[in-house]
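Visitor:
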Amino acid sequence: MKYLRRFISIECFSLVVILLGAAFLRLYRIGDYLTFLGDEGRDALVVKGILEGDLTLLGPRASAGDFFLGPIYYYFMAPFLWLWQLDPVGPAIMIALLGTVTVWFVYFVGKQFFGTYAGLFAAALYAVSPVVIAYSRSSWNPNAMPFFSLLLLFLLYTALKKKYRFRMLIIGILFGITMQLHYLAVFLGVILLTYYIAARILEKKLTLASGLSDLWKVTLGFLIGFSPFLAFEVRHGFPNLQAIFSFIFKSTLTNGYSTDASFLSVVWDVLYRLFGRLLTRYPPPEQVSVQASQVFAFWYFATVVLAFVSIVIFLFQLYKFYKERNTEKTLQYLLIFLWFFIGVILFGFYKKQIHDYYFGFMFPVPFLLVGNGISSL
85 MKYLRRFISI ECFSLVVILL GAAFLRLYRI GDYLTFLGDE GRDALVVKGI LEGDLTLLGP
145 RASAGDFFLG PIYYYFMAPF LWLWQLDPVG PAIMIALLGT VTVWFVYFVG KQFFGTYAGL
205 FAAALYAVSP VVIAYSRSSW NPNAMPFFSL LLLFLLYTAL KKKYRFRMLI IGILFGITMQ
265 LHYLAVFLGV ILLTYYIAAR ILEKKLTLAS GLSDLWKVTL GFLIGFSPFL AFEVRHGFPN
325 LQAIFSFIFK STLTNGYSTD ASFLSVVWDV LYRLFGRLLT RYPPPEQVSV QASQVFAFWY
385 FATVVLAFVS IVIFLFQLYK FYKERNTEKT LQYLLIFLWF FIGVILFGFY KKQIHDYYFG
445 FMFPVPFLLV GNGISSL
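Note that our numbering numbers the sequence shown so that position 109 is 193, with each residue one more than the last.
Set out below in structure tokens:
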């Protein structure tokens, strides 16, 4: 009992240090270092109008095409802009606080799935990642994606583990909200659906009745969460939905890649950057060349080794739990597996430039994999 209490106290102390460090790195002099460019200025002006009574059903313009997002992020910003008397630092503090909560959530999920040490390692790495910190210090709609993605996937896992009556409805509402933050939530939707089907098959609970019951709950929830955007579309003749379908079926499926890249090279680039940009802080690929110096070559190679070892350890454990018929652990590992591999593969179909913030819905994944790898070793 004495050793258990000592372990718990060490765990709590470590977590508090990690969270305080995460909060400091995100909040310290945030007013001096936050990004405030065209998008941020536009958002602040729109929210100022909302506070003055000029409500809107349309959100920011998407970066990839000529269509718009839903307005939910504006309404997230509104109370913080009001509390800080129209100072843009208020919404930036909202994102910084949400980023700190995400650090705790990474620890919580890591502990539940991989053990206490894995959770602490993953949270500590996530807390100090320069790229993650950069996207946690300014108000921008994609910057909330890591929290909502992790929340959605964990809620789906718990909903399948136990029969929660309204959990599927809540998942639908949250997915509708996430779709208004960034349209790469579509990738997240594919992951959620694939995991649901795979988990039901694994548990031998996939029936038409249960599937339809869950489907209508998720659909109803999605319509509620996505309702502001849908209201705008109905009122104006669906201009954004038409533009979105045009973007998918013309720009994405028929056009070639914007560079000389191939499907496999895009997949490899995304796979490497998830570890290189987020964990080892390798410079953006357009700024350096591996052949430029031995330092960059070693840096690149070390990142590949880190990713390879972490993934191999994870896959070995997944196979082990599956062979042992440990359904609970298999479902946990399967969630991370599908989140990581489907997310990477889907990027292979995207034929335009891929920015670091596009990975927002996958930010926690490499940290969980590396945290698990470190604790296993």
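All residues carry an ideal CB built from backbone N, CA and C; glycine is no exception. Just so it is clear, the structure is predicted and the values come from calculations on it, not from any experiment.
1. Let me make sure I understand the geometry here. Which of 423, 265, 434 has the alpha-carbon closest to that of residue 346?
2. Could you compute how far the alpha carbon of residue 330 sits from the alpha carbon of residue 396?
3. Within the same chain, show all residues whose beta-carbon is closer than 7 angstroms to that of residue 220, passing over the 5 residues directly before and after it, in chain order.
4. Take the Cβ of residue 326 as the centre, count every other Cβ of all protein chains shown within 10 Å, and call the residue buried at 16 or more, exposed below.
5. Within 10 angstroms of the Cβ of residue 407, are there 16 or more other Cβ atoms? Answer buried if so, exposed if not.
6. So residue 176 and residue 223 are in contact, right, with Cβ under 8 angstroms, and what is the actual spacing, rounded?
7. Count the other CB atoms within 10 Å of the CB of residue 423; is the residue buried (16 or more) or exposed (fewer)?
8. Would you kindly work out how many angstroms separate the C-alpha atoms of residue 120 and residue 164, rounded to a whole number?
9. Taking DSSP as the reference, what is the three-state secondary structure of residue 221?
10. Identify whether residue 145 lies in helix, strand or coil by the three-state DSSP scheme.
11. Where residue 352 and residue 166 are concerned, what is the direct C-alpha to C-alpha distance, given to the nearest angstrom?
12. Give me the Cα-Cα distance between residue 123 and residue 140, rounded to the nearest whole angstrom.
13. Between residue 295 and the rest of its own chain, which residues show a CB-CB distance below 8 angstroms, the 5 nearest in sequence each way excluded?
14. Secondary structure at residue 310, three-state DSSP: helix, strand or coil?
15. Leaving out the 5 sequence neighbours to the left and right, which residues in its chain are closer than 7 angstroms to residue 240 when beta-carbon positions are compared?
16. Return the residue from the list 244, 392, 304, 132 that minimises the CA-CA distance to residue 259.
17. Identify the residues that DSSP records as bridge partners of residue 152: which are they?
18. Which ranges does the alpha helix (DSSP H) cover as unbroken runs of at least 4 residues, wholly within the region 152-238, from first to last along the chain?
19. Looking at the structure shown, is residue 401 part of a helix, part of a strand, or coil, going by DSSP?
20. I'd like the list of long-range same chain contacts for residue 168, defined as Cβ closer than 6 angstroms, with 5 residues on each side in sequence excluded.
21. By the 10 Å Cβ neighbour count, where 16 or more other Cβ atoms means buried, how is residue 324 classified, buried or exposed?
22. Classify residue 439: buried if its beta carbon has 16 or more other beta carbons within 10 angstroms, exposed otherwise.
23. On the CB-based measure, 16 or more other CB atoms within 10 Å of its CB, does residue 371 come out buried or exposed?
24. So, for residue 209: in the same chain, excluding its five sequence neighbours on each side, which residues have a beta-carbon less than 7 angstroms away from its beta-carbon?
25. Considering only residues of the same chain and omitting the five flanking positions on each side of residue 393, which have a CB-CB separation below 7 angstroms?
26. State yes or no: is the C-beta of residue 263 within less than 8 angstroms of the C-beta of residue 358?
27. Could you give the distance in angstroms between the alpha-carbon of residue 94 and the alpha-carbon of residue 238?
28. Can you grab the Cα-Cα spacing for the pair residue 204 / residue 236, in whole Å?
29. Helix, strand or coil for residue 364, going by three-state DSSP, please let me know.
30. In whole angstroms, what is the alpha-carbon distance linking residue 380 and residue 231?
31. Is the beta carbon of residue 77 sitting closer than 8 angstroms to the one on residue 172?
32. Quick check on residue 372: does DSSP put it in helix, strand or coil?
33. Compute the distance between the beta-carbons of residue 418 and residue 282, then report whether it is under 8 angstroms.
34. Give every residue of the same chain whose Cβ lies closer than 7 angstroms to the Cβ of residue 462, excluding the five residues on either side of it in the sequence, and list them in chain order.
35. Under a Cβ-count criterion, where at least 16 other Cβ atoms within 10 Å of its own Cβ denotes burial, should residue 378 be classed as buried or exposed?
Guide: The short version:
1. Residue mapping note: residue 346 aligns to position 262 of the sequence shown, counting from 1. Nearest C-alpha to residue 346: 434.
2. Sequence index remark: in the sequence shown, residue 330 carries index 246 (1-based). Sequence index remark: in the sequence shown, residue 396 carries index 312 (1-based). The straight-line gap from Cα to Cα measures roughly 39 angstroms.
3. Position 136 of the sequence shown, counted from the first residue, corresponds to residue 220. If we look at residue 220 and ignore the five residues flanking it on each side, its Cβ neighbours are 110, 179, 180, 183, 227.
4. Reading the sequence shown from its first residue, position 242 is the one you call residue 326. Counting Cβ neighbours within 10 Å, residue 326 comes out exposed, since fewer than 16 surround it.
5. Reading the sequence shown from its first residue, position 323 is the one you call residue 407. Under the 10 Å beta carbon count, residue 407 is surrounded by fewer than 16 other beta carbons and is classified as exposed.
6. Within the sequence shown, numbered from 1, the residue matching residue 176 stands at position 92. Within the sequence shown, numbered from 1, the residue matching residue 223 stands at position 139. With a Cβ gap of about 5 angstroms, residue 176 and residue 223 count as contacting.
7. Sequence index remark: in the sequence shown, residue 423 carries index 339 (1-based). Label assigned to residue 423: buried.
8. Reading the sequence shown from its first residue, position 36 is the one you call residue 120. Reading the sequence shown from its first residue, position 80 is the one you call residue 164. Taking the straight line from one Cα to the other gives about 16 angstroms.
9. On the sequence shown, position 137 is the one that residue 221 refers to. The answer is coil: DSSP assigns residue 221 none of H, G, I, E or B.
10. Counting from one through the sequence shown, the residue named residue 145 turns up at place 61. Strand.
11. As a working note, residue 352 is residue 268 in the sequence shown. As a working note, residue 166 is residue 82 in the sequence shown. So the two alpha carbons sit approximately 44 angstroms from each other.
12. In the sequence shown, residue 123 corresponds to position 39, counting from 1. In the sequence shown, residue 140 corresponds to position 56, counting from 1. When rounded, the distance between both Cα atoms is 17 angstroms.
13. Position 211 of the sequence shown, counted from the start, is the residue given in the question as residue 295. Correct list, in chain order: 284.
14. Here the question's residue 310 lines up with position 226 in the sequence shown. Looking at residue 310 - three-state DSSP - the assignment turns out to be coil, as it is neither helix nor strand.
15. Mapped onto the sequence shown, residue 240 falls at position 156. Cβ within range, chain order: 255, 276, 279, 280.
16. Numbered from 1 along the sequence shown, position 175 holds the residue referred to as residue 259. With distances taken between Cα atoms, residue 259 lies closest to 304.
17. Walking along the sequence shown from the start, residue 152 turns up at place 68. Residue 152 is bridged to 145.
18. 156-167, 173-198, 200-212, 214-218
19. Indexing the sequence shown from 1 puts residue 401 at position 317. Residue state for residue 401 is assigned as helix, using DSSP reduced to three classes.
20. Taking the first residue of the sequence shown as position 1, residue 168 is located at position 84. Around residue 168: 174.
21. The residue labelled residue 324 in the question sits at position 240 within the sequence shown. By the neighbour-count rule (16 or more Cβ atoms within 10 Å), residue 324 is buried.
22. Residue 439 sits at position 355 when you count from the first residue of the sequence shown. When all chains shown are included, residue 439 counts as exposed.
23. Position 287 of the sequence shown, counted from the start, is the residue given in the question as residue 371. Within a 10 Å sphere around the beta-carbon of residue 371 sit fewer than 16 other beta-carbons, which makes this residue exposed.
24. On the sequence shown, residue 209 is found 125 positions in, with the first residue counted as 1. Contacts found: 363, 451, 454, 455.
25. For the purposes of this step, residue 393 is taken as the residue at position 309 of the sequence shown. Contacts found: 457.
26. Numbered from 1 along the sequence shown, position 179 holds the residue referred to as residue 263. Numbered from 1 along the sequence shown, position 274 holds the residue referred to as residue 358. No, these two residues do not count as a Cβ contact at 8 angstroms.
27. Your numbering for residue 94 matches position 10 in the sequence shown. Your numbering for residue 238 matches position 154 in the sequence shown. Taking the straight line from one Cα to the other gives about 26 angstroms.
28. Numbered from 1 along the sequence shown, position 120 holds the residue referred to as residue 204. Numbered from 1 along the sequence shown, position 152 holds the residue referred to as residue 236. Approximately 21 angstroms, taken between the alpha carbons.
29. Indexing the sequence shown from 1 puts residue 364 at position 280. Residue state, collapsed to three classes: coil.
30. Counted from its first residue, the sequence shown places residue 380 at position 296. Counted from its first residue, the sequence shown places residue 231 at position 147. Between residue 380 and residue 231, the C-alpha separation is close to 32 angstroms.
31. Here the chain comprises residues numbered 85 to 461, so residue 77 is not present and cannot be evaluated.
32. Taking the sequence shown and counting its residues from 1, one reaches residue 372 at position 288. Three-state DSSP puts residue 372 in coil, outside helix and strand.
33. Position 334 of the sequence shown, counted from the first residue, corresponds to residue 418. Position 198 of the sequence shown, counted from the first residue, corresponds to residue 282. Contact: yes.
34. For the chain, the structure presents residues 85 to 461; residue 462 sits outside this window and is missing.
35. Counted from its first residue, the sequence shown places residue 378 at position 294. Exposed, since its Cβ has fewer than 16 Cβ neighbours within 10 Å.
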